[in-house]
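Asks:
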């Protein structure tokens, strides 16, 4: 899987927000360039929130957790980049103890949560009217599966 | 990991306290009320830590973490969701206990975490003593 790098050659808000010298994961391994100008606003907002998790210290949860792992952060960004919906709501982004990241979408009384653990594995939970109705593993590279989840959310 | 054994000496009406980072509070889409994200009751590497309120106080649980918020949920409720509670006193915190879910290695499942955050209650600031 290609690694990610956000182009600083654009005048985008992300490029300005995370200049090369300050990006924690700027390295030769981050070789895939993503033009921010090709992203939807909700994607830019979500990725900005994901990057903010990198600022967390150890013990951020007061129970001794490390900050989200590089693997989890990259997986979360890839997930956002893989969703080809132009107009959508930006998910809530929250850290999970143990180095994970959780993305949460709410529309009406439906909710979808995707938890990415410190090793990059993901699980989803669908809830309706506050009650969990379906859970399971999800492959973040499987766009059909992601579309199905988000379509359910919107219907 | 061996199967945790629910500690029956902990009564159903005992309450469990857990600290919540203010940034991880969300607005519930059904009730419109603020609640913790379910992520606050998930962890891959650790079992969820809680304090038994009968052995401590909200003030003590928050003593070193004044910027955090605090929720409580009763043991009977978490047991009804398939969770187990085990005492795990620490040298500096005799009220410490572990909240096991029914997932692999005692992890909390996503539905269990979701139900817990839907049913937990805020410990208000004025109750902190």
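Residue numbers (our numbering), protein chains in the order written: chain A, 1 to 155; chain B, 1001 to 1129.
We put the beta carbon where it would ideally sit given N, CA and C, even for glycine.
Tell me whether the beta-carbon of residue 1120/B lies closer than 9 Å to the beta-carbon of residue 1073/B.
Replies: Their beta carbons are under 9 Å apart, which means residue 1120/B touches residue 1073/B by this criterion.
Asks: Residues in the same chain with beta-carbon distance under 7 Å from residue 1007/B, minus the five sequence neighbours each way, listed in chain order, please.
Replies: Taken in chain order, the residues that qualify are 1085, 1086 and 1087.
Asks: Please report whether the beta-carbon of residue 107/A lies at a distance below 9 Å from any beta-carbon of chain B.
Replies: Yes, residue 107/A counts as interfacial toward chain B.
Asks: By how many angstroms is the C-alpha of residue 99/A removed from the C-alpha of residue 153/A?
Replies: Whole-angstrom Cα-Cα distance: 27 Å.
Asks: Quick test of your reading: residue 73/A and residue 36/A, contact by CB under 8 Å. State the CB separation rounded to the nearest angstrom.
Replies: Their Cβ separation, rounded to whole angstroms, is 17 Å, which puts residue 73/A and residue 36/A out of contact at 8 Å.
Asks: Applying the criterion that 16 or more other CB atoms from any shown protein chain within 10 Å of the CB defines a buried residue, is residue 1064/B buried or exposed?
Replies: The residue is exposed, with fewer than 16 neighbouring Cβ atoms inside 10 Å.
Asks: Does any C-beta atom of chain E lie closer than 9 Å to the C-beta of residue 1065/B?
Replies: The displayed structure is made up of protein chains A and B, and chain E is not among them.
Asks: When Cβ atoms are compared, which residues of the stretch 63 to 89 of chain A fall closer than 9 Å to chain B?
Replies: The stretch 63 to 89 of chain A vs chain B, Cβ under 9 Å: 63, 64, 65 and 66.
Asks: Contact criterion: CB-CB distance below 9 Å. Does residue 1048/B meet it with respect to chain A?
Replies: Residue 1048/B counts as touching chain A.
Asks: Could you give the residue range of the alpha helix (DSSP H) that holds residue 79/A?
Replies: Run containing residue 79/A: 70 to 82, per the alpha helix (DSSP H) assignment.
Asks: Threshold first: 3 residues or longer. Then list the beta strand (DSSP E) segments lying entirely within the stretch 1039 to 1088 of chain B, N to C.
Replies: Counting whole runs of 3 or more residues, the stretch 1039 to 1088 of chain B contains the beta strand (DSSP E) stretches 1048 to 1052, 1069 to 1074 and 1084 to 1087.
Asks: Anyone know if the C-beta pair for residue 127/A and residue 113/A falls short of 9 Å?
Replies: Their beta carbons are under 9 Å apart, which means residue 127/A touches residue 113/A by this criterion.
Asks: Assuming residue 53/A and residue 95/A form a contact by the criterion Cβ under 8 Å, report the distance between their Cβ atoms to the nearest whole angstrom.
Replies: 5 Å between Cβ atoms; contact.
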